[in-house]
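Student:
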Amino acid sequence: MLTISNYVKAKTLEEAYELNQARSSRIMGGMMWMRLGNAKVKTVIDLSGLGLDQIEESDNVIKIGAMCTLRQLEECEALREMYGDGIAESVRHIVGVQFRNQATVGGSIYGRFGFSDVLTAFLALDTFVELYDGGTIRLSEFVNRKPDKDILLSVIVRKSKRKFRYESIRQTKTDFPVIACSVVTGMVHGKETWYFSVGARPMKAALLEKQWEIPADASEDMIAEYASRAASEFTYGTNMRGSAEYRRHLAEVLIRREMASILAEGK
1 MLTISNYVKA KTLEEAYELN QARSSRIMGG MMWMRLGNAK VKTVIDLSGL
51 GLDQIEESDN VIKIGAMCTL RQLEECEALR EMYGDGIAES VRHIVGVQFR
101 NQATVGGSIY GRFGFSDVLT AFLALDTFVE LYDGGTIRLS EFVNRKPDKD
151 ILLSVIVRKS KRKFRYESIR QTKTDFPVIA CSVVTGMVHG KETWYFSVGA
201 RPMKAALLEK QWEIPADASE DMIAEYASRA ASEFTYGTNM RGSAEYRRHL
251 AEVLIRREMA SILAEGK
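Using full-length UniProt numbering, you'd call the opening residue of the sequence shown number 1 and step up by one each time.
1) What residue from Pro-177, Ser-160, Ile-169 has the CA that sits closest to Thr-193's CA?
2) Can you give the beta carbon distance from Glu-167 to Arg-257, rounded, assuming they're within the 8 angstroms contact cut?
3) Just to confirm before moving on: does the CB-CB distance between Asn-20 and Lys-146 stay below 8 angstroms?
4) Suppose the cutoff is 6 angstroms on Cβ atoms and the five residues either side in sequence are ignored; what does the same chain contact list for Val-44 look like?
5) Give the DSSP-derived three-state secondary structure of Leu-208 in the structure shown.
6) What runs of the alpha helix (DSSP H), each 4 residues or longer, lie entirely inside the segment 31-97?
7) Going by CA-CA distance only, name the one from Arg-100, Ala-78, Pro-177, Gln-98 that's closest to Ala-251.
8) How far does the alpha helix (DSSP H) with Gly-106 in it extend, from its first residue to its last?
9) Which term fits Asp-59, buried or exposed, when burial requires 16 or more other beta carbons within 10 angstroms of its beta carbon?
10) Where Met-1 and Ala-39 are concerned, what is the direct C-alpha to C-alpha distance, given to the nearest angstrom?
11) Evaluate Pro-215 with the Cβ neighbour count: other Cβ atoms within 10 Å of its Cβ, from every protein chain shown; 16 or more gives buried, anything less gives exposed.
12) Please report the distance separating the alpha-carbon of Met-187 from that of Ala-22.
13) According to DSSP, is Arg-138 part of a helix, a strand, or is it coil?
14) Does the structure place the segment 194-205 close enough to the segment 231-242 that three or more beta carbon pairs sit under 8 angstroms?
15) Mapping the DSSP letters down to three states, classify Ser-25 as helix, strand or coil.
16) By the DSSP assignment, the beta strand (DSSP E) with Arg-145 in it spans what residues?
17) Jot down the residue ranges of each uninterrupted beta strand (DSSP E) in the segment 166-253, minimum 3 residues, whole runs only, in chain order.
18) Helix, strand or coil for Phe-122 per DSSP?
19) Throw me the rounded Cβ distance for the Ile-262 and Phe-196 pair, which I believe falls under 8 angstroms.
20) Could you compute how far the alpha carbon of Arg-112 sits from the alpha carbon of Leu-139?
21) Could you tell me which of Leu-73, Gln-171, Gly-84 sits nearest to Val-97, measuring between CA atoms?
22) According to DSSP, is Tyr-17 part of a helix, a strand, or is it coil?
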């Protein structure tokens, strides 16, 4: 059971940051996962009054406030125009619409949960996080940092002509994923670059970058070979949802499907 002594709706980011420095304080997002834990929290800090619940699009980036809900991601036309249905696909299996109307992007990213579909999806894109004290850094750097008492303000996706796919395997429709994979490709500094993000290993998502020039008419065997090489570079573990060997096999299958889909689009 979660026990909370004090609730504070922060009036400024400065106030929220100062309150959060106490060891017994926590930032409150949608409270979808936090409320299920067993902990005594002295002060819970609500950021809902600080204007962090908007998705803003400019010429170069899409900026997603930390208090935006997963449902907002699912329905965001700017993300759909840039990356097709990939982002919507990454969240549509997360419990149900009522849950996604409350769970926040900030909670999903800052928690760096092993089961996070959202983290797996954004890690493969050209994504940054904006922190109150730590500034703006790449998501791939943030994901490997030790937890601290900073505050996540926004997730920033830099626009680029990249093809994006996302798939996951679940034992039941709304369960946590057994494995989750994102594949992204695009031209970087004149070279074709592939990005592979694998989450629910069951550890948190990890990123792999490869400069592979794969022809659009690549054979199924060639695609399978590249997928096998990519999947083999991740580490997998065993838990109640599957063995490490099983996850390795599923990752290879999903990566192969996603690569084939991307290459077929380029024909």
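By construction, the Cβ of each residue, glycine as well, lies at the ideal position given by its N, Cα and C atoms. The model shown is predicted, which means the values in this text are computed figures rather than measured ones.
Tutor: From the atom records:
1) Ser-160
2) 6 angstroms
3) no
4) Ile-4, Tyr-7, Arg-26, Met-28
5) strand
6) 70-75, 77-83, 86-91
7) Pro-177
8) 105-110
9) exposed
10) 7 angstroms
11) exposed
12) 45 angstroms
13) strand
14) yes
15) strand
16) Looking at the DSSP string, Arg-145 is not in any beta strand (DSSP E), and its letter there is neither H nor E.
17) 177-188, 191-199, 206-210
18) helix
19) About 12 angstroms; that fails the 8 angstroms criterion.
20) 10 angstroms
21) Leu-73
22) helix
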